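Participant: Per the UniProt record's numbering, numbering of the sequence shown is gapless, rising by one per residue and ending at 430. Note that beta-carbon positions come from the ideal geometry of N, C-alpha and C, so glycine has one too. Just so it is clear, the structure is predicted and the values come from calculations on it, not from any experiment.
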Amino acid sequence: MAHYRSQGSIPPKRHTQHRDESGNLYYEELMGEEGFTADSSLLYHRGIPSAISDARVWELGDSLATTPNHPLMPRHLKLHDLFSADDTGVDAVTGRRLVLGNGDVRISYVVADTVSPWYRNGIGDECVYVERGNARVETVFGTFDLRQGDYLVIPRATTHRWLPVVAGDEGFVEPLRAYCIEANSHIAPPKRYLSRYGQLLEHAPYCERDLRGPDGPLLAEGIGAERDEPTEVYIKHRGSGPQASGGIVGTVYTYPYHPLDVVGWDGCLYPYAFNIEDYMPITGKVHQPPPVHQVFEGYNFVICNFVPRKVDYHELSIPVPYYHSNVDSDEIMFYVDGDYEARKGSGIGKGSISVHPGGHAHGPQPGATEKSIGVHYFDELAVMVDTFRPLELGEAGRTVDDGKYAWSWVGGRTDPPESAPGSTEVFSTS
């Protein structure tokens, strides 16, 4: 986000001497996008940012491998079946399970109850949506306290960790459920929402007041004996060869000091949070197309919100979507809350993902169009990712495919045909 912020101790002029009370020089790091031609921030470290004392392989195995959606079929993936109450000791970084992915974006899901390792994505930005639960996220820029409905956009190469809040004043609370969108690019508000100088415009469905930057003092100020303790940081980065999974490899660096040694920073590049409740939906006299629901974009994909809202008010309007062919994109809808009118009778509910691939015409389930007439309000909450290259199924997507959604437009049918070409054998566990 091109909005200047400053936190902690910084010198009056950039690229000049900045020393602590004992006269020791802080080490300035420029963290920037697109070489030196886009948003950046300057961070001031106690230690040398390049100093590592060890490096080893982070074994990703086949966790990021994908299988083509072939034969081409719409699918229903039941994310809540991926983790059970017995799955404890799971963290929000290494515990992610890949649902769908391509060369531009990967979508994964995790139910976490354990503090993650320190982590840095060296491939692209991440946008993590908190479906349920609470977490604190500690970063080199400061901290975030996240709650249900929060998005957290984390720039590439930001060192951070996730700390789920699993107990409160009244005892146990729900574990963190996170929907993770990892880009091979940067993630930002749509360009049409921004002025040429980067301000969110009047027609945008949210504004700068809705965005939360890092809170609180920088953690470097509170680190005592840990300051000089060797610390591991897990890094996801590009690679090839036998260790690569989908063109991605992992490395674990050991730093000779705590990674949160930043005493101050300023600039226009930093993580920020946005809660879906602050999104102001755009509605119309007749049904509005998906782009009006957009919240973020990356290279070759967009992220949209479908939130509770009043719907079409033309006297002959049909509130649910018309049937449409995804000529250029795969449409991935994650159903978070409410009652999604167009999918009634399909088996889709909270925690479901619908996969509507390019080349397949899709729309309301049988009977949903007629039933929606006269409805004036939709109580639904969903996060949609549209990609402009085909998505393949990850391990998690293959595991929780219901195997029958593709046939649900045939008079409400829910059982797969006997002649379904390999679909249930390859993808279904039900």
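Between glutamine 251 and proline 230, is the Cβ-Cβ spacing less than 8 Å?
Facilitator: Going by the sequence as given, residue 251 is threonine instead of glutamine. Against a cut-off of 8 Å, the Cβ pair of proline 230 and threonine 251 comes out as no contact.
Participant: Per DSSP, lysine 78 is paired with what?
Facilitator: Answer by DSSP bridge pairing, in chain order: Ser352.
Participant: From glycine 298 to glutamate 21, what does the alpha carbon distance come to, in whole angstroms?
Facilitator: About 43 Å.
Participant: If you compare alpha carbons, which of Arg389, Phe306 and Val137 is closest to glutamine 294?
Facilitator: That would be Phe306, whose Cα lies nearest to the Cα of glutamine 294.
Participant: Hey, could you find the ends of the alpha helix (DSSP H) serine 372 is sitting in?
Facilitator: Taken as a continuous stretch (DSSP letters only), the alpha helix (DSSP H) holding serine 372 covers 368 to 372.
Participant: Along the chain, where does the beta strand (DSSP E) containing threonine 139 start, and where does it finish?
Facilitator: 135 to 139 is the extent of the beta strand (DSSP E) around threonine 139.
Participant: Let me check one thing: in DSSP terms, what residues is alanine 178 bridge-paired to?
Facilitator: Partner(s): Val110 and Val130.
Participant: Of the choices Asp125, Phe83, His80 and Leu72, whose alpha-carbon is the least far from that of glutamate 34?
Facilitator: Answer by Cα proximity: Asp125.
Participant: Can you have a look at arginine 14 and say buried or exposed, based on whether 16 or more other CB atoms are within 10 angstroms of its CB?
Facilitator: When all chains shown are included, arginine 14 counts as exposed.
Participant: Three Cβ pairs or more, each shorter than 8 Å: is that satisfied between the segment 96 to 116 and the segment 381 to 395?
Facilitator: Because the criterion of three Cβ pairs below 8 Å is met, the segment 96 to 116 and the segment 381 to 395 touch.
Participant: Thinking just about the alpha-carbon of each residue, which of Ser50, Trp265, Pro164 and His258 is nearest to the one in serine 40?
Facilitator: Selected option, being the one with the closest Cα: Trp265.
Participant: By how many angstroms is the C-alpha of aspartate 339 removed from the C-alpha of tyrosine 27?
Facilitator: If you take the alpha carbons of tyrosine 27 and aspartate 339, they lie about 53 Å apart.
Participant: Using only the alpha-carbon positions, how far apart do proline 421 and proline 71 sit?
Facilitator: Confidence in proline 421 is poor, its pLDDT being 48 and thus under 50, which makes the residue's placement too unreliable to answer from.
Participant: Only counting the same chain, and skipping five residues up and downstream in sequence, which positions put a Cβ closer than 6 Å to that of cysteine 180?
Facilitator: These residues qualify, in order along the chain: Arg96, Ser108 and Val128.
Participant: Do the CB positions of proline 321 and proline 281 come within less than 8 Å of each other?
Facilitator: No.
Participant: How close, in whole Å, do the beta carbons of alanine 368 and alanine 396 come, if the pair is a contact with beta carbons under 8 Å?
Facilitator: Not confirmed; about 28 Å, so no contact.
Participant: For arginine 97, name the three-state secondary structure that DSSP assigns.
Facilitator: Note: arginine 97 maps to strand in three-state DSSP.
Participant: In chain order, what residues of the same chain lie with their CB nearer than 6 Å to the CB of tyrosine 81, ignoring the 5 residues before and after it?
Facilitator: Here residue 81 is aspartate; the residue named in the question, tyrosine, does not match the sequence. Val400.
Participant: Give me the Cβ distance between leucine 269 and methionine 31, rounded to the nearest whole Å; I'm assuming they're in contact under 8 Å.
Facilitator: Sure, about 6 Å apart at Cβ, within 8 Å.
Participant: When you compare the segment 372 to 392 with the segment 307 to 327, are there three or more beta-carbon pairs, one atom per stretch, that lie closer than 8 Å?
Facilitator: Yes, the segment 372 to 392 touches the segment 307 to 327.
Participant: Please state the DSSP three-state secondary structure of arginine 46.
Facilitator: It is coil, neither helix nor strand.
Participant: When burial is assigned at 16 or more other CB atoms within 10 Å of the CB, is lysine 236 buried or exposed?
Facilitator: Burial call: buried.
Participant: By the three-class DSSP mapping on this structure, what secondary structure does histidine 360 have?
Facilitator: Correct three-state label for histidine 360: coil.
Participant: CB-CB under 6 Å to isoleucine 276, same chain, minus the five flanking residues each way: which ones, in chain order?
Facilitator: Closer than 6 Å at the Cβ level, and outside the excluded window around isoleucine 276, lie Gly149 and Asn305.
Participant: Tell me the rounded alpha-carbon separation between arginine 177 and leucine 79.
Facilitator: So the alpha carbons of these two residues sit roughly 10 Å apart.
Participant: Does the distance from the CB of aspartate 62 to the CB of serine 195 come in under 8 Å?
Facilitator: The answer is no: Cβ separation not under 8 Å.
Participant: Are alanine 92 and alanine 112 touching if we call contact CB-CB under 8 Å?
Facilitator: Contact: yes.
Participant: Mind checking whether valine 90 and valine 110 have CB atoms under 8 Å apart?
Facilitator: Against a cut-off of 8 Å, the Cβ pair of valine 110 and valine 90 comes out as a contact.
Participant: Assign histidine 45 to one of two classes, buried (16 or more other C-beta atoms within 10 Å of its C-beta) or exposed (fewer than that).
Facilitator: Buried, since its Cβ has 16 or more Cβ neighbours within 10 Å.
Participant: At the level of alpha carbons, what is the spacing between glutamate 425 and glycine 47?
Facilitator: Only weak support is given to the placement of glutamate 425: the predicted model assigns it a pLDDT of 35, under 50, and the question is left unresolved by the model.
Participant: When the distance is taken between beta carbons, is serine 354 closer than 8 Å to proline 68?
Facilitator: No, these two residues do not count as a Cβ contact at 8 Å.
Participant: Do you know offhand how far aspartate 386's Cα is from proline 290's?
Facilitator: C-alpha separation (whole angstroms): 10 Å.
Participant: Could you tell me how far apart the beta carbons of leucine 219 and threonine 143 are, in whole angstroms, since I believe they sit closer than 8 Å?
Facilitator: That pair is a contact at about 7 Å.
Participant: Could you tell me which residues DSSP puts in a beta bridge with isoleucine 248?
Facilitator: Answer is Arg238 and Ser245, bridged to isoleucine 248.
Participant: Within 10 angstroms of the Cβ of glutamate 131, are there 16 or more other Cβ atoms? Answer buried if so, exposed if not.
Facilitator: With 16 or more other Cβ atoms within 10 Å, it is buried.
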